[in-house]
Structure formats: C-alpha cells, structure tokens
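In what follows, a single structure is set out as structure tokens and then discussed.
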Amino acid sequence: MVAQSFLKRFYIPGSIIDSFCEGIRMTPSEKLSKEMRLKACYDYIDTVNANIEHFLAKKSKVITLNLETIRVDFIQFWNYLGAEGNLEKALHEFDKKHNATSQRRLNMAWRMRLIATREWRHIKSYFHSV
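Sequential numbering from 625 applies to the sequence shown in the working numbering.
Here it is, written out as structure tokens:
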C-alpha cells in the first residue's frame, strides 16, 4: 500500500521517490520501467526503515506506534508521556488526510527545467571526460 502510494508520486515535482532515484540511486526515473519504479519504491521504504532502526538502536526509550492500531497505540503513548490536552481532538487528527496523492497535473515549466538540467549535466560530464 505504501509502495503503491509512492509509485503514484513519480514525476511529481519535488517528490521524495523521484529524488531518491535521481539523487541516491543515481538512476533517473525516466529510465525505469513500471516494475523497476515499484522496486525502487520498496527499496526506498527499506532504506528509510533501516535508517530509523539504526537511529533508534541505542536509544533507551522507544515506543512503537503501528498505523493499523494507531488510535489504541496513540492513547498508550499519550498516557506514557503524561500528556495534557484534549485527547479526543488529538485522535480526531488521524481522520484528516495529509499529503494525499492527487491526480498529477502537467507542470510543463518544471519538466522543461528538469530536461534542461539533466542535459546540461550530461554535456558537462562529456566535456570533463574528454
């Protein structure tokens, strides 16, 4: 489900998955088939999870919140912290959609700049290697 969401975000200006392929994997997403893009999404998810696990490995106070049981887990988290405020309002925030993938719009200016930037990099690397 998460990988499919990232798959829908390819080619959206500034999308993390497009940036991951271009910057970290050094493979422009234009060169990837749909299957390869999906594999890149799983790779991104694995990378993020591994980084989080590494960061938390030596922490003494860690709580796991599962999205599948977020309301129950959040209440336990709230109580563990001794949080004050309106718990019901806080729980209501989980009903709101944030950063939902919308239909892609054609952003011609961004696409032309992307093409020009990539071509300029290609030209520079060609002349630096000669």
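Backbone N, C-alpha and C fix where the C-beta goes; we use that ideal spot for every residue, glycine too.
Remember, predicted model here, so these are calculated numbers, not experimental data.
Next on the checklist: DSSP three-state label for I699, please.
Outcome noted: helix
Checklist entry - Expressed to the nearest angstrom, what Euclidean distance is found between the alpha-carbon atoms of F630 and S639? => result 9 Å
Item to check | Pairwise C-alpha distance: Y668 and S684 | outcome: 27 Å
Item to check | Own chain residues within Cβ distance below 6 Å of T651, not counting five before or after | outcome: C645
Item to check | Distance cut-off 7 Å: T693 Cβ against heavy atoms of the ligand PLP | outcome: With respect to the ligand PLP, the structure shown offers nothing to examine, as it has no ligands at all.
Item to check | Closest Cα partner of I699 within the set K682, F718, A681 | outcome: F718
Next on the checklist: Do I641 and A664 have their beta-carbon atoms positioned less than 8 Å apart in this structure?
Outcome noted: yes
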